[in-house]
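Just below is one structure, and these are the notes that go with it.
In our numbering, the protein residues as written are 107 to 378.
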């Protein structure tokens, strides 16, 4: 979804929808730098029941082959293009600026994950398997180093980054950065459709499983006005060593995610 300028309802926020609330804060301009090469295509995902899923790879300016890669997981209501669109997150421009300022170069890649909250569902939709079994081989074929990855996500994708980072563990994942992760303690509080049932939430929650990320560099950020802030505080408190990031002024909105984008990308680059 694109910014509308209409205030986002609390219900939409609790549903983890990646909408912009431009009335809640000024929307930063994207960096006025030239991005590197961007390549998009379509993957027919067997893990998602034969759905045709769009994908994009964004390289920084300059070298392209052999770079490590960060997989970007979008929020609910978004798609793979939201990460790179100049009227949404424009991460390719933030990446170009970060690399220009000295961050070690790496590529970004996103793919359409639908609204299944980046884990296997009872109906057979499995966007997590799509990422691991289908997207990563595609990235390797395009000359990227997928030996140890980074994950970055916002809202639903923030949860997904933490979940997939923990599932794959430190042998496959170097760093994870989550902005405004959609987290709930109880199934009754979760967004409709986020989990199949209470058992699905219990099987796939990241709460209480922070040790799965031992050996992975972790950053978790959330705005203090975000409905997910209380559970995010609890999640951050569950680490033996506090993760980078924190609870900063902000809301569940595009303006907040743009303000953080440069910091998130520099963090990931430092640990890949």
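For every residue, glycine included, the Cβ atom is placed at its ideal position computed from N, Cα and C.
Note that this is a predicted model, so its numbers are computed, not measured.
Residue nearest to residue i in terms of C-alpha spacing, selected from the options
i, options, result
"residue 211", "308, 331, 250", "250"
"residue 227", "245, 284, 302", "302"
"residue 337", "287, 216, 241", "287"
"residue 368", "206, 305, 311, 309", "206"
"residue 224", "248, 170, 272", "272"
"residue 279", "168, 306, 323, 264", "323"
"residue 380", "360, 341, 319", "Because the chain in this structure spans residues 107 to 378, residue 380 falls outside the shown range and cannot be described."
"residue 167", "230, 358, 142", "142"
"residue 138", "203, 290, 363", "203"
"residue 365", "376, 248, 266, 200", "200"
"residue 243", "345, 362, 151", "151"
Start-to-end residues for the beta strand (DSSP E) that takes in residue i
i, result
"residue 285", "279-285"
"residue 213", "213-217"
Buried/exposed call for residue i, threshold 16 Cβ in 10 Å
i, result
"residue 218", "buried"
"residue 355", "exposed"
"residue 129", "Caution applies to residue 129, whose pLDDT of 37 falls short of 50 and renders its modelled position unreliable; the value that the coordinates give is listed next. By the neighbour-count rule (16 or more Cβ atoms within 10 Å), residue 129 is not buried but exposed."
"residue 127", "Any reading at residue 127 must be qualified, since the residue scores a pLDDT of 40, below 50, and its modelled position is unreliable; the value itself is stated next. The residue in question, residue 127, is buried, as its Cβ has 16 or more Cβ neighbours within 10 Å."
"residue 283", "buried"
"residue 294", "exposed"
Pairwise C-alpha distance: residue j and residue i
i, j, result
"residue 208", "residue 372", "9 Å"
"residue 310", "residue 304", "10 Å"
"residue 173", "residue 213", "6 Å"
"residue 136", "residue 260", "17 Å"
"residue 96", "residue 234", "No answer is possible for residue 96: the residues shown for the chain start at 107 and end at 378."
"residue 252", "residue 178", "14 Å"
"residue 189", "residue 195", "5 Å"
CB-CB length for residue i against residue j, believed under 8 Å
i, j, result
"residue 146", "residue 161", "7 Å"
Bounding residues of the alpha helix (DSSP H) (the contiguous stretch that carries residue i)
i, result
"residue 338", "335-343"
"residue 246", "242-247"
"residue 198", "197-206"
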